[in-house]
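Peer 1: Take this structure first; my questions come after.
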Amino acid sequence: MACMNKGWEILSGKIKSLLKRKKGIENRDNSIAERWEILSGKNNWEGFFGLRSSTIPHSPWPNVSVGLDKNNPYKYDITKYVCAASDVPSKTQKVKESTWIGFVGVATDEGKVALGRREILIAWRGTRRGSEWNDDCENSLVQPTEIFGEKTNNILVHKVGEENFKEAYTLQILRISNASDPVPKLPERGLIDGFANDRRVYEDVGFELSIDTTKSKYLKKDVDGHILEVYLHGTAGTQGAKGEFKLEINRDIALKNKADDVLKDEYGVPVSWCIEKNKGMVQQEDGSWILMDHEDYDTYFLP
């Protein structure tokens with residue numbers, strides 16, 4: 436009887452293995468596909484260090500202007516691009532500089548298997564151009580009608596992002612802040628019309644993971660803590676606020692220098708090694724050169 440039971444266990448295991456291969460289940464990353472609700476904040480990201488395998492694969496998407504990783508099982512189809520315009524200072528007139536800032540991606544059938552659900556991903560890149568940084572410095576609050584228009588009668592009366600919003604939001608939000616990054620600390624507290632006490636122009640919401648990339652042995656001193664690749668590096672190696680730094684995710688450190696100069700020289704990785712041919716300048720039939728930094732695609736335009 437014992438031999439029969441053992442034989443049945445072996446046969447049963449082979450049948451299950453065959454069914455998995457037919458369904459494509461063997462491609463599932465169990466840490467993501469079977470726990471996607473937890474990874475999406477169902478328990479407010481308790482025990483975050485076990486969730487890094489979900490955070491790291493998503494994070495390169497906002498930086499597609501620098502490049503995407505190959506051999507990534509989390510496949511998406513890009514359905515829309517988002518473009519916006521920023522002001523370019525001019526002596527004669529204000530010029531609008533239009534550029535793409537993000538996109539909408541929908542998980543493919545293959546990606547659905549790896550992720551455990553049909554995920555819709557909305558990603559936008561970071562601030563890179565000088566005109567964009569100028570716009571970022573414009574943090575004064577404005578009336579809702581300037582955002583939504585005069586004819587919108589059913590909008591909330593409170594200003595977007597202040598304390599009432601913090602109390603009302605129902606989304607699951609995960610934000611990561613680097614100790615060496617000054618941006619999350621801005622704008623500083625100050626007086627706001629209608630309030631007697633100093634307060635921030637906006638309030639942070641969601642679960643915060645604090646990292647400190649100055650603990651990394653791979654990075655140079657005084658590295659810009661706001662760089663996306665620095666954030667990915669810090670997330671992959673953080674051991675908690677009081678812990679040291681140890682990489683837990685197998686992510687190529689050469690990516691840190693893809694568009695920046697952050698790795699120590701001893702690792703032998705060239706600085707800003709990803710360079711577009713002629714920096715996007717394309718020669719025309721008449722011999723002139725113009726910047727061709729976009730392709731034809733469906734877009735959403737933001738003012």
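So in our numbering the end of the sequence shown lands on 738, straight run, no missing numbers.
For every residue, glycine included, the Cβ atom is placed at its ideal position computed from N, Cα and C.
1. How is the alpha helix (DSSP H) around residue 664 delimited, first residue to last?
2. Is residue 675 buried or exposed, if buried means 16 or more other CB atoms sit within 10 Å of its CB?
3. Mind reading off the beta-carbon distance from residue 640 to residue 608? Whole number of angstroms is fine, and I expect it under 8 Å.
4. Assuming residue 645 and residue 668 make a contact with CB atoms under 8 Å, what is their CB distance in whole Å?
5. Give me the residue from 681, 680 and 705 with the minimum Cα distance to residue 691.
6. From what residue to what residue does the alpha helix (DSSP H) around residue 545 run?
7. Can you check DSSP and say which residues form a bridge with residue 613?
8. In terms of alpha-carbon separation, which member of 665, 663 and 571 lies closest to residue 739?
9. Within this structure, are the beta carbons of residue 616 and residue 660 separated by less than 7 Å?
10. May I ask you to report which of helix, strand or coil DSSP gives residue 477?
11. Given residue 542, which residues of its chain have a CB within under 6 Å of its CB, disregarding the five upstream and five downstream residues?
12. For residue 662, which residues of its own chain have a beta-carbon under 6 Å away from its beta-carbon, when the five flanking residues on both sides are left out?
13. How would you label residue 647, buried or exposed, when you count the other beta carbons within 10 angstroms and need 16 or more for buried?
14. Assign residue 689 to one of two classes, buried (16 or more other C-beta atoms within 10 Å of its C-beta) or exposed (fewer than that).
15. Nearest to residue 568 by CA position, among 612, 520 and 708, is which residue?
16. When DSSP labels each residue in this structure, what does residue 540 get in the three-state scheme?
17. Does residue 672 pass the burial test, meaning 16 or more other C-beta atoms within 10 Å, or should it be called exposed?
18. Would you give the residue range spanned by the alpha helix (DSSP H) that residue 568 belongs to?
19. Determine whether the beta carbon atoms of residue 716 and residue 708 lie at a separation below 7 Å.
20. Reducing DSSP to helix, strand and coil, say where residue 496 ends up.
21. Residue 535 to residue 618, Cα distance in whole Å?
22. Does the distance from the CB of residue 478 to the CB of residue 642 come in under 7 Å?
23. Based on Cα-Cα distance, which residue from 515, 649 and 718 lies nearest to residue 613?
24. Just tell me which of 547, 682 and 558 has its CA closest to the CA of residue 746.
25. Using DSSP with H/G/I as helix, E/B as strand and the rest coil, what is residue 711?
26. Check the DSSP bridge columns for residue 512 and list the partner residues they point to.
27. Going by C-alpha distance, which of 687, 686 and 670 is nearest residue 679?
Peer 2: Checking against the coordinates, here is how it stands:
1. 663-672
2. Exposed is the call here.
3. Contact between residue 640 and residue 608 holds, with the beta-carbon distance rounding to 6 Å and staying under 8 Å.
4. Incorrect: roughly 15 Å between the Cβ atoms, too far for contact.
5. Measuring from the Cα of residue 691, the nearest candidate turns out to be 705.
6. Taken as a continuous stretch (DSSP letters only), the alpha helix (DSSP H) holding residue 545 covers 544-550.
7. 646
8. Here the chain comprises residues numbered 436 to 738, so residue 739 is not present and cannot be evaluated.
9. In terms of Cβ geometry, residue 616 and residue 660 form a close pair [threshold 7 Å].
10. Residue state, collapsed to three classes: coil.
11. Once the five neighbours on either side are set aside, the close Cβ partners of residue 542 are 511, 550, 553 and 554.
12. 695
13. buried
14. exposed
15. 520
16. strand
17. buried
18. 565-571
19. no
20. Low local confidence applies: a pLDDT of 47 at residue 496 is under 50, so the model's placement there is unreliable, and no value is given.
21. 22 Å
22. Residue 478 places its beta carbon 7 Å or farther from that of residue 642.
23. Nearest C-alpha to residue 613: 649.
24. The question about residue 746 has no answer, for the chain in this structure spans 436 to 738.
25. coil
26. 541
27. Selected option, being the one with the closest Cα: 670.
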